[in-house]
Structures are given as C-alpha cells and as structure tokens.
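The block underneath contains the structure these notes are about, expressed in structure tokens.
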Amino acid sequence: MNPEPQGQTALNPATERWDQDPDSDMRDAATPEPPEPPGFRYPTGIPDEDAEMEGHGSARFSAPKRPRQLSEVDTVVGEKPQPGSDEQRVLQPPIKKARQIPLLLQDEVVSLKETIRLERKKATAKIADLETRAEASVLKATTRTTKALKHAEVEHVLKIGELQSELQGFRDDKNGLAKTAAERAVLIETLEETVTSLQRQIWDFQQGKQKLTQEVHAASGRVKDAEKERDSLRAEAAGLREYKSAQEAAASHGSSLLDAAKESIRSLKDDLERSSAECLRLESANESTIQSLKNEALAARKDKEEALVRNVSQHRDKSIPNSPRGVFSKEESRRIVDTCQRDAAKALEQIKEQMSNMEAQRDALESRVNSLCTENDMLSTERGANEAFKRENAKTLEWTNNHVSELEAQRDALEQDSALLRATNTELSAKEETAREERLCIETTHRQELSAVNAKMTDVT
C-alpha cells in the first residue's frame, strides 16, 4: 500500500459532477476501499493508461477508466511535494474503482461517463501543464527518475519473482501435500490392515486362550479326580494296611496256635508213645500174669492131681475117707481157674478200652493237626494274596502319583501359556492403540496442513 495521502472527491447531486478539493484536481471517492491483504503493495511507475481510459469502462460494469495518477516518480527533482497535491496521489487499480463506482452510482453510470470524460480532459490539461513545468527541471530529475524507475522496476520484478516463487512453492507444497496425503492414505490403509490383522490375531489368541482355559479347567477337573482317586487309594491303602496288620496279627496268632498245636501234637505223640509202651507193658504183664496164673493153675492142678493120687493111694492104703489138709479139691481148683480167667479177661478188656480211647484221641489230634495245617495253608495263601495286592496297590498308587504329577506339570505349562497369551494380548492391544493414535495424529496433521495451504492459496489469489 502507498502511505501518501490522497485527495477526496465528492459528487454534487445538483450538477451530477465531481467536486474537487482546492488542493487537488483529482481525488478518489470518499467511499472507503476494502482492506488489502497484508504484505500486498501496488507497484509504482506504471506507464500512461490514457489510451485505456478513453474507452467506456469494463465490459462487465460499463464504468469509465480512472485517469492516470502521478506517483512520486513523476515529481520534479528538487521540489518538495505539497500535501494533497497530485504528486502524492497513487494510481489505484481501475478494477477496484470499477467495483466501487457501480456500488455508489448504479443508476447514473451514463451521466457519469460524460462527467468523467470532462474530468479526464481537465486532468490531461493539468498533466500537460505539469509536464510543461516539469520540463524545466527534467535535467535535475533525470537521475532521480531513472533511479526511481530502476528501483521500482527491480522492486516490481523482485516482487513478481517472489510472488511467483511463493506460488510455485505453494504449488510444490500442494503437490507434496497431495503426495503426502496419498502416502498417508496408503499408510492409513496399511495401518488399518495391520489393525485388522492384529484384531484377527487377538481374536485367534482369545479363542486359543478360551481353549486353553477350557483345557486348564478340564485338566484341573482331571487333577481333582486324580486327587480324589489318590485319596480313595490312600484310604484303601490305609484299610489294606489295617487289614494287613490284622492279617499279620491273625497270622501271628495262627502261627502261635500252630506252634501250640505242634507242641500239643508232640505231647500227644509222647503220651501216645507212653500209652503204647504202657499198653505193651500191660499186655506183657497181663500175658506174664496169665501165663503165671496158668502155670500156677497147672501147678495147682498137678499138685492137686498128685495130692489126689496120693490121697487115693493113701485111701486105698489106709481107707481113710477124709482128704489131707492143704490140698484143693477139684471144684476149688476149677473155681480158682475161672476167677483168674475172668480177672484176666476184665483186665484185657480195660486195656482194649484204654487203647481204643487213646486211638480216638490220636485220631482227634491228627484231625486237629490237619485242620491247623489247612488253616495255615489258607493263611499262607491269603498272606501271598495280600502281598500281591499290596504290590499291585503300590504300583497303582505310584502310577496315580505319576499321573497327578504329569497333570500338574500340564496345568503349570497351560498356565504359563495362558500368561504368555495374556502378555501377547496386552502387547497387541497397546500396538493397536498406538496405531490408532498415530492414525488420528496423521489425519489431524493432514487436515491442518491442507487448511493452511488452502488459506495461503486463498490469500494469494
């Protein structure tokens, strides 16, 4: 923008002409111009536009062209410009006046064309007068004008180059932003695919976690069942130990009974042997007694016969009817013999009864010994069965303990796998959150850059 003050013109409604200030022949309208963008500056040293001003305005608004205004380049060297003079007036863009004139004078465009043409002629005359006056100081102002023109041209060229470079930079930035947006779109798609794959992996891990949880529950159930089975086996083993101790006690009692039976058998055998010896002794004694009795009876019979013979002989000799003293008669001898035979028969019967009783006792002892041997065999068989059952129970208990240990190891391994899956799930969730945050940050940055570029392009255009 040009900092020099401008003159003011006003439209006289009576004459429908522009009223000029006494200090200037041509001023801008009093209507305020719209604000210019920051950093924008109209170039100075624009060539004469009288040829364009002779027309009837633009085709759109049909407004006349504004007369040429003098800049500080057109001032005479060495002359101090007066405030409000034409030298301080800056040429405004015709298009801007063309925009302001239809807003102020929409209904009087035709009449204003003539007025502006007259004012242009006056301005042309004034400019010619000023040029005539400036011819005197042309020599002084040549250097200054040349320098000012060169400076203005250089400044204008530099400004145009700067604007072109800035526009090119904006275009490059826009293209770069478009490429960045495309790359970021591809990156966002990649991130979305990554997030989708991570979600699938998380879902797979969750499914695996559920399966592992079910397996852990099943393993824990199997462990509980195994523990219950182990407890039942332990209880059964305790019962078997108690039964074993009872069987051992019974076996010890049976062995003691067997020893006692053996002792009683030995004692009975000894008694039987003694009884047999006694029977033999008694039989021999009875036989000897019977033999002695027989011998005595024979001797008595012989003595009696001899006595009878003697008595007979004496009776024959002496004819004495009475028998001698000390000689048994025949009936007495027979009676004595019968008595001895009866006593011997009774003793023999008693001995036979004792022998039958001893044989019955021997048979009872033998049957008892056989029953004790059978019971001992049964106890031995049961002891062997108990030992085999004990060994089988020990093997079963050992297998149960090994199975419980394996199940506990599987449970620990499953718990470790579950902990690893939890850590992996947490890591994948963190990666997903990070990817989502990066995506939001990229989208926000992209929107901000696009809005900034659009704002810059709007300011430039």
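For the sequence shown, position 50 (counting from the first letter as 1) is numbered 50 according to UniProt numbering, and the numbering increases by one without interruption. Ideal Cβ positions, reconstructed from N, Cα and C, are used throughout, including at glycine.
Considering only their Cβ atoms, is the gap separating residue j from residue i smaller than 8 Å?
i: D172; j: V453; result: no
i: L428; j: L212; result: no
i: K390; j: L240; result: yes
i: A435; j: V223; result: no
i: residue 481; j: E229; result: A query on residue 481 cannot be resolved here, the shown segment of the chain reaching from 1 to 461 and no further.
i: R120; j: H446; result: no
i: E415; j: V186; result: no
i: L397; j: L233; result: yes
i: L298; j: I351; result: no
i: E227; j: V404; result: yes
i: F170; j: N425; result: no
i: L440; j: L177; result: no
i: E433; j: L198; result: no
i: S418; j: K209; result: yes
i: A238; j: N393; result: no
i: R411; j: S220; result: yes
i: L191; j: E438; result: yes
i: I188; j: I442; result: yes
Where does residue i sit, in a helix, a strand or coil, going by DSSP?
i: T339; result: helix
i: E449; result: helix
i: N2; result: At N2 the pLDDT is 43, less than 50, meaning the model places this residue with poor confidence and gives no usable figure here.
Within the stretch 362 to 437, note down every full alpha helix (DSSP H) run reaching 4 residues or more, in order along the chain. When DSSP assignments are scanned along the stretch 362 to 437, no uninterrupted stretch of alpha helix (DSSP H) that is 4 or more residues long falls wholly within it.
Segments of 4+ residues assigned as alpha helix (DSSP H) that fall wholly inside the stretch 150 to 229: None, since the stretch 150 to 229 contains no complete alpha helix (DSSP H) of that length.
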